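In what follows, a single structure is set out as structure tokens and then discussed.
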Amino acid sequence: GAGFVGIAVALMGRLHPVGIVLAAILFGMLYQGGAELAFEMPAISRDMIVIIQGLVILFAGALEHMFRPYVQALFASVSPKAVGIEAVKGKGA
Numbered sequence: 345g346a347g348f349v350g351i352a353v354a355l356m357g358r359l360h361p362v363g364i365v366l367a368a369i370l371f372g373m374l375y376q377g378g379a380e381l382a383f384e385m386p387a388i389s390r391d392m393i394v395i396i397q398g399l400v401i402l403f404a405g406a407l408e409h410m411f412r413p414y415v416q417a418l419f420a421s422v423s424p425k426a427v428g429i430e431a432v433k434g435k436g437a
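In terms of this note's numbering, the sequence shown opens at residue 345 and continues consecutively.
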């Protein structure tokens, strides 16, 4: 129902207003496209569209965790906080 989709949209948007708007547009396109596809091709049921939405959520979460270590390492190497910590350690050593 609408509650499940609302939770999925909030999770996909990572609880950020802009992300929630983008995720809502994505889910709206999936929902409307699924309805039109089911209308044009009776062999495709509404359950298949729900499965596709679930897979989108699953793969989006998997991609987030797949790239997170690399992104964190990149930001840690560039951030001034990390540079300041290394400078302090370098002076004392």
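Every residue, glycine too, gets a C-beta built ideally from N, C-alpha and C.
What you are looking at is a predicted structure, and each value in this text was computed from that prediction instead of being measured.
Between the options, which has its C-alpha nearest residue i's C-alpha?
i	options	result
I369	L402, G405, A354 and S389	A354
Would you kindly check if the distance between the Cβ of residue j and the Cβ of residue i is under 7 Å?
i	j	result
A346	M356	no
G405	I393	no
A352	I388	no
Segment contact, 8 Å Cβ cut-off, at least three pairs: the region 392-402 with the region 363-377: yes
Minimum length 4: unbroken alpha helix (DSSP H) runs contained in the region 365-425: 390-422
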